[in-house]
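Going by the numbering used here, the sequence shown opens with residue 11, and the numbers climb by one from there. Notes follow once the structure below has been shown.
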Amino acid sequence: MKEVYYKNNRTTDEIITKLANDYVSNIAEARKALNNLIMIVFGSIPPLNNPGYVSDEFPVFGTIEERISVNRQLNLKLKELCLENDILFLDVAKHYETNEGDFQWELSDQFCHISSYFQEPGIEMLYTMLAEK
């Protein structure tokens with residue numbers, strides 16, 4: 011994982027910060043262009059621990075522990091930036107992660123998404139968030 015992070019002499023924190031800043035900045039600009047519509051950032055779901063997974067098209071880098079750490083750092087940064095920019099942040103990770111912090115296999119689509127059968131917690135959180143806005 012280090013070769014991916016340090017390939018361009020950037021730390022993990024620098025990469026996460028730039029990614030989150032660029033993402034939230036673009037959403038904030040779009041909101042202004044759209045007459046200040048309510049915008050919501052859906053937090054990144056936990057990484058799936060699938061040790062047998064191999065793909066040239068969609069590679070996975072790092073150990074599950076490293077990916078959990080990066081995912082949590084990214085969500086913290088997104089949440090912070092959303093708060094600063096008056097953008098709602100929907101963090102559903104707690105509904106889908108194991109005690110170790112990875113994605114519960116049985117709630118996934120067996121790849122990297124929440125199964126359509128288990129989306130209710132996120133939808134309920136979204137409805138509640140919008141009702142309170």
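In this text, a Cβ means the ideal position worked out from N, Cα and C, and glycines have one as well. In this text, all values refer to a predicted model and were calculated from it rather than measured experimentally.
In the DSSP assignment, find the unbroken beta strand (DSSP E) run with ILE124 in it and report its ends. ILE124 -> no beta strand (DSSP E), and no H or E assigned at all.
Which runs of the alpha helix (DSSP H) spanning at least 4 residues fall entirely within the stretch 47–133, listed in chain order? 74–94 and 103–106
Neighbourhood of ARG82 by C-beta distance below 6 Å, restricted to the same chain and skipping five residues each side: none
Counting C-beta neighbours from all protein chains within 10 Å, is the total for GLU107 16 or more, i.e. buried, or is it exposed? buried
Of the listed residues LYS87, PHE99 and ASP119, nearest to THR22 (C-alpha basis): LYS87
How many Å lie between LYS104 and GLU134 at the Cα? 14 Å
Going by alpha carbons, who is nearest to PRO10 out of ASN59, VAL102 and GLU110? Lying before the first or after the last residue shown, residue 10 is absent from the chain, which here runs from 11 to 143.
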